[in-house]
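S.K.: Just so you know, the sequences run in chain order A and B.
Heads up, the first sequence is in this note's numbering, so the first residue is 1300 and it goes up one at a time.
Heads up, the second sequence is in this note's numbering, so the first residue is 1300 and it goes up one at a time.
Backbone N, C-alpha and C fix where the C-beta goes; we use that ideal spot for every residue, glycine too.
2 protein chains.
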Amino acid sequence: MTLETVVAAARGDIPADLLLVNGQIINVFSGRITAGHIAVKDGYVVGIGDYDAKKVTDLAGRYVSPGFIDAHVHIESAMVSVAEFSRAVVARGTTTVIADPHEIANVLGCAGIQYMLRSAADQPMDCLFTLPSCVPATAMETAGARLKAADLEPFFQHPRIVGLGEMMNYPGVVFKDPDVMDKLALARRLGRPMDGHAPGLSGRLLSAYAATGISSDHECTRPDEATEKLEAGICIMVREGTAARNLDDLFPVISPDTWPRMMWCTDDRHPHDILSKGHIDAMIRKAVKKGLDPITAIRMATLCPATHFGLGDVGAIAPGKKANFVVFSRLDDIRPEMVFFRGHPQAEDGRLLPHVTRPAEIPIPTSIHLSSSALDFSIPAVSPRIRVIRALDNQVVTDCDIMDTAIRAGMAESDVSRDLIKLAVVERYTGHHGIGKGFVTGLGLKHGAICSSVAHDSHNIIVAGATDAEMKTAVDQVIRMKGGLCVVSGETILTALPLPIAGLMSDQPMEQVEVQMERLLLAAKKLGTPLSDVFMTLSFLALPVIPALKLTDRGLVDVEKFTVVPLFQ
Amino acid sequence: MTLETVVAAARGDIPADLLLVNGQIINVFSGRITAGHIAVKDGYVVGIGDYDAKKVTDLAGRYVSPGFIDAHVHIESAMVSVAEFSRAVVARGTTTVIADPHEIANVLGCAGIQYMLRSAADQPMDCLFTLPSCVPATAMETAGARLKAADLEPFFQHPRIVGLGEMMNYPGVVFKDPDVMDKLALARRLGRPMDGHAPGLSGRLLSAYAATGISSDHECTRPDEATEKLEAGICIMVREGTAARNLDDLFPVISPDTWPRMMWCTDDRHPHDILSKGHIDAMIRKAVKKGLDPITAIRMATLCPATHFGLGDVGAIAPGKKANFVVFSRLDDIRPEMVFFRGHPQAEDGRLLPHVTRPAEIPIPTSIHLSSSALDFSIPAVSPRIRVIRALDNQVVTDCDIMDTAIRAGMAESDVSRDLIKLAVVERYTGHHGIGKGFVTGLGLKHGAICSSVAHDSHNIIVAGATDAEMKTAVDQVIRMKGGLCVVSGETILTALPLPIAGLMSDQPMEQVEVQMERLLLAAKKLGTPLSDVFMTLSFLALPVIPALKLTDRGLVDVEKFTVVPLFQ
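#1: Step through the CB atoms of chain A and report whether any lies within less than 8 Å of the CB of E1859 of chain B.
#2: Just checking, does the region 1564-1576 of chain A make contact with the region 1328-1343 of chain A on the three C-beta pairs under 8 Å criterion?
#3: G1392 of chain A: buried (16+ other C-beta within 10 angstroms of its C-beta) or exposed?
#4: Would the beta-carbon of I1734 of chain A fall within 8 Å of that of L1674 of chain A?
#5: Are the CB atoms of L1719 of chain B and T1828 of chain B nearer to each other than 8 Å?
#6: Going straight from the alpha carbon of H1607 of chain B to that of S1628 of chain B, what length do you get?
#7: How should M1300 of chain A be labelled, buried or exposed, when 16 other C-beta atoms within 10 angstroms of its C-beta is the threshold for buried?
#8: Output, in chain order, the set of chain A residues within a Cβ distance shorter than 7 Å of A1507 of chain B.
#9: Taking its Cβ as the centre, do 16 or more other Cβ atoms sit within 10 Å of Q1456 of chain A, making it buried, or is it exposed?
#10: Report the rounded CA-to-CA distance for K1475 of chain A versus H1517 of chain B, giving the unit in angstroms.
#11: What does D1703 of chain B pair with, by DSSP beta-bridge criteria?
#12: Looking only at its own chain, which residues have a Cβ that is under 6 Å from the Cβ of K1771 of chain A, when we skip the five neighbours before and after it?
#13: Answer with buried or exposed for G1244 of chain B, where buried requires no fewer than 16 other C-beta atoms within 10 angstroms of its C-beta.
#14: Of all the residues that make up the region 1394-1421 of chain A, which are near chain B by a beta-carbon distance shorter than 8 Å?
#15: Using the Cβ count rule (16 or more neighbours within 10 Å means buried), how would you classify R1650 of chain B?
#16: D1523 of chain B to N1468 of chain B, Cα distance in whole Å?
#17: Can you tell me the Cβ-Cβ gap for T1441 of chain A and N1759 of chain A, rounded? I've got them flagged as a contact below 8 Å.
#18: When DSSP labels each residue in this structure, what does H1571 of chain A get in the three-state scheme?
#19: Within 10 Å of its beta-carbon, does Q1645 of chain B have 16 or more other beta-carbons around it, so buried, or fewer, so exposed?
#20: Within 8 Å (strictly less), CB to CB, does T1541 of chain B reach chain A?
#21: If I measure Cβ to Cβ from A1370 of chain B and keep anything under 6 Å in the same chain, skipping five residues before and after, which residues do I get?
#22: So V1473 of chain B contacts chain A; which residues on that side make the cut at Cβ distance below 7 Å?
#23: Check whether the region 1692-1709 of chain B and the region 1842-1856 of chain B touch, using three or more Cβ-Cβ pairs below 8 Å as the test.
#24: Is A1531 of chain B closer than 8 Å to S1506 of chain B when the C-beta atoms are compared?
#25: Would a check of beta-carbon distances place N1326 of chain A closer than 8 Å to chain B?
#26: Among residues of its own chain, excluding the 5 on either side of R1818 of chain B, which ones have a beta-carbon nearer than 6 Å to its beta-carbon?
#27: Rank B:K1447, B:D1548, B:V1863 and B:M1466 by C-alpha distance to the C-alpha of D1481 of chain B and give the top, closest one.
#28: Report the start-end ranges of each alpha helix (DSSP H) in the region 1348-1391 of chain A that is 4 residues or longer and not cut off at the edges.
#29: Indicate whether L1574 of chain B and A1387 of chain B have their beta-carbon atoms separated by less than 8 Å.
#30: Run through the region 1520-1605 of chain A for me and flag every whole beta strand (DSSP E) of 3 or more residues, listed as ranges in chain order.
#31: What are the uninterrupted segments assigned as beta strand (DSSP E) that are 3 or more residues long and contained completely in the region 1630-1684 of chain A, given in chain order?
#32: Rank B:E1647, B:I1778, B:A1486 and B:I1513 by C-alpha distance to the C-alpha of A1497 of chain B and give the top, closest one.
#33: Given a cut-off of 8 Å on the beta-carbon distance, is the pair R1641 of chain B and G1335 of chain B in contact?
#34: If we ignore side chains and look at the alpha-carbon of each, how far apart do V1372 of chain B and A1543 of chain A end up?
#35: Taking T1429 of chain B and D1399 of chain B to be in contact with their CB atoms under 8 Å, please state how far apart those CB atoms are, rounded to whole angstroms.
#36: Using a threshold of 8 Å, state whether the C-beta atoms of I1347 of chain B and I1332 of chain B are closer than that.
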């Protein structure tokens, strides 16, 4: 819409496209709720008041809020494409997300970012992005790409790029890693916000981190931690993901003094959570139930993230803002009954409206360059004692155990009687078939194998199994699917979920992915695992930045020593 | 300072330059006041806590706040250069101003903006600028320049330019004037804030104005006006200038809901006011006396304008922010006892410290292209009745009177017995010696003449006098001074103030300008004027955007009809 058109429509010289009448309008600027009509032209609010319009929708006295904003999310964690993610969350009132394509960038580099940008066009909500700052996440594994400041720079010209993504390499910041400094200097030069990720950072190290200009953090777990960061100039994103949930703990920090620099985010939320609990709407409901003023809860989902990211045209219902609205009946239990995006209704009562079209999927290059015939899972036994990863239920950390090697014909093997299961991480990018091998306890498999191409943060293929043959069968299946998850018993694929988008995301609706995930977890339980989500646990066994013992394609990593260690003691 | 240095200093690897110990630190992010020490390196805060430092300054338990920000000011109104303005206001706690060089741009165009930008270097505070959006202010007068969007565009690259200056041509916005649309479109394209100026605008016209993205206003005079604008997405700058003072009226609008989008500004403040009352510090004191929480009052002078203009490195005491501080003893009567700019003390107890150097004045082209010999002040009488401007004390508006012409030898003359004084506006830019002539009542001159090159907004030379000869003598003096003010009686220059910088500003200290202004007003009182500030009144007699009857170089302007009208009825 041209400026001339917006002015003409605001003046009433030309009719509005839509007039939403009889709303109780939540004004995030003044904190007031005012009865009124909202005029919309070409997807933008042009005025509040009496206007001629081509179409009139009566809100019958219901509340109308600006559409919700997720200040920080990895869409990859929802295991679906941008199209399917958009359709799922817009139905729950989210009309803007600030997504960090960190996972797909670790797999496909710039091609992954480009894929996400292209996928974001013509969706029923605004998908904006920060640029992944930490690809690869560490030097102790092989990722699909290595992105330097010069690789990121051209992307900043794209209108969907709002800033630099979470700088999770906080040691790299406080130890002045040149690559990290380059990326921060680039974002500073361009005047773009830089998101942070600094769990537990405090004192002088926090000062060093904040002094670079990094201006948000979504990793706070304690009120004192959040207050210290807030006072250092860092905006606090309160997170409720599937694994990490901080709203209860950080609730005391939200006050009339602090809300302008606080906001909501989901970070990583799995299909089941989004479908059963909701998205940002669920955080608002939870906060209001805990006693937060509903207007403040809404501001933290609208005005605050818009201000933080410098998004002048979202986060409020006012002239010149995008006509993104959420309509609901009760302030004490905000459930989106109607959702508008750019002036068009997209969803009612949590369900997408049938007229909402789904853009075609964007082609994406394959990310798996592997042939299982080249893989050898055998481990010649060289000593009677081995380092073993101890997996813990609902945890991303592990312990490091020392156990007796199970030796058969000179080879170290799984021993299901002692819950000692062979684990391998197969490098999927270079075609060199690099493989790290080790053992895990705690998965509880009695037979069969489980395999996944979701393995943080480099997303090589991780497989755990009772026999080498079953491990190979499982990896074969993942290769055939171009990525995904599967459960194998003997020569049989019990069930599988293809994730053809970078080995991370399905191209199917979120509901189908959820059903298939349930089947996978059920099949894994039948193999004997007691874990509540063995695939989530599995996916973190390869993440070498979280203690204590992890496995990458380079081998076992002692995270505390930040080095690769031998399997045999 | 490089990022590497700031990180090293924050970590304590290298000593700080300065440690301010035992301060009660006002944290604008959390609203808390915390005891602590502030470490400064290379002009930036690097941390709060115990640090080694080359120098230690003990605040002895006094409060320390971020340096104050004036969100909108015309330095020209202080009648001194950037250097002298900076020295005056930093002593009062102001360490950043957002100045709109509207007046000098009307005189010198791009050369005026360039002069201000160059003058801002190496001053004891940060002088940032918005780009004048309305040069010339109207088409009914001859200004020194005409600035289109293409003229402004290159300036946006300059690091001191933060946005587009107040769009006072609000009719041009709501009537879609192409030049205005171009300037707004330019600022939008570059993602820069656009300041507003829309007194009394309401309803659909306000919606049209706000829908363009203009995001501030400093012209509110009533609480309901401010609330309506705030709810339309416009940040409210509460103004206390010399003429227009709105703090009392707008005070009820400030609340825990609204403060994040409200801030203080002075707009136009004369030397006497700055020297006797203060600057932003005076507004904070006044607001706190009226009952505002001191932290909120300080935030409106720090965090809020910094957020509004996207200034990430000022407005707070936190790592990575400029070390701009104000130290004071009482929250209920905040009087700057020490002022730091970039880590260096600049002032104590309202007085500049002797070590603060004064950069050399920047050369500026002359703006007066006139020879008084070419001027003819005579007015052949063509009718017995004339339109007369009625000047009103302390008002920028005038009335339009109809009076009998005083005719001598066929010429219309002044008649001091009826307080009918001849008025002329002489165009000073083109060398064409255009002159508008008329009469004013209310000035009260019994003899002599007063003359000024400050005449809003085009700043042609305005002169009022009892005789043509005295008017000519006065204009001669202003030409000789390359601009300024003078009072003439007969052939004698009673007193004069040279304003060699664009005919608007002195190159002398503000204290000297104040003294000279007092002398001028006293001399004018001796000529008979009852007005409290006859030069201020005079300067608005040429402003053809404020009712009712004004005089420009093109002639008498009926502001309500927006047209030039004849002197004789």
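M.R.: With the structure as the only source:
#1: Interface criterion not met: the Cβ of E1859 of chain B is under 8 Å from no Cβ in chain A.
#2: The region 1564-1576 of chain A is not in contact with the region 1328-1343 of chain A.
#3: Around the beta carbon of G1392 of chain A, 16 or more other beta carbons sit within 10 angstroms, so the residue counts as buried.
#4: By the CB criterion at 8 Å, I1734 of chain A and L1674 of chain A fall inside the cutoff.
#5: Cβ atoms of L1719 of chain B and T1828 of chain B: not closer than 8 Å.
#6: About 29 Å.
#7: By the neighbour-count criterion, in which 16 or more other beta carbons inside 10 Å mark a residue as buried, M1300 of chain A falls on the exposed side.
#8: Proximity of chain A to A1507 of chain B at the Cβ level (cut-off 7 Å) is accounted for by V1306, A1309 and R1310, in chain order.
#9: Exposed, since its Cβ has fewer than 16 Cβ neighbours within 10 Å.
#10: When the Cα atoms are used, K1475 of chain A and H1517 of chain B turn out to be separated by approximately 44 Å.
#11: Under DSSP, D1703 of chain B takes part in a beta bridge, and its partners are B:R1684.
#12: Within the same chain, K1771 of chain A has close Cβ partners S1671.
#13: With chain B represented from 1300 up to 1868, any question about residue 1244 of chain B goes unanswered, as that position is not in the structure.
#14: Of all residues in the region 1394-1421 of chain A, none has a Cβ within less than 8 Å of some Cβ in chain B.
#15: Sixteen is the threshold: since fewer than 16 other Cβ atoms of the shown chains lie within 10 Å of the Cβ of R1650 of chain B, the residue is exposed.
#16: Taking the straight line from one Cα to the other gives about 22 Å.
#17: Cβ atoms of T1441 of chain A and N1759 of chain A come within 8 Å of each other, at about 7 Å.
#18: In the three-state reduction of the DSSP assignment, H1571 of chain A falls in the helix class.
#19: With 16 or more other Cβ atoms within 10 Å, it is buried.
#20: Nearest CB-CB separation between T1541 of chain B and chain A: not below the 8 Å threshold.
#21: I1397, M1536, M1562, C1564 and P1604, listed in sequence order.
#22: Identification of chain A residues near V1473 of chain B by a Cβ-Cβ cut-off of 7 Å yields V1306 and R1310, ordered along the chain.
#23: Contact between the region 1692-1709 of chain B and the region 1842-1856 of chain B is present, because at least three Cβ pairs lie under 8 Å.
#24: In contact: S1506 of chain B and A1531 of chain B (Cβ atoms closer than 8 Å).
#25: By the rule that beta-carbons nearer than 8 Å mark a contact, N1326 of chain A touches chain B.
#26: Contacts found: T1794.
#27: Ranking the options by Cα distance to D1481 of chain B, first place goes to B:K1447.
#28: Those alpha helix (DSSP H) runs which fall completely within the region 1348-1391 of chain A and span 4+ residues are 1381-1389.
#29: Cβ atoms of L1574 of chain B and A1387 of chain B: closer than 8 Å.
#30: List check, beta strand (DSSP E) in window: 1534-1538 and 1561-1564.
#31: As for any beta strand (DSSP E) of minimum length 3 sitting wholly inside the region 1630-1684 of chain A, the runs are 1637-1640 and 1643-1647, ordered along the chain.
#32: For A1497 of chain B, the closest alpha carbon among the candidates B:E1647, B:I1778, B:A1486 and B:I1513 is that of B:I1513.
#33: No, they are not a contact pair.
#34: When rounded, the distance between both Cα atoms is 48 Å.
#35: Correct: roughly 5 Å between the Cβ atoms.
#36: I1347 of chain B places its beta carbon 8 Å or farther from that of I1332 of chain B.
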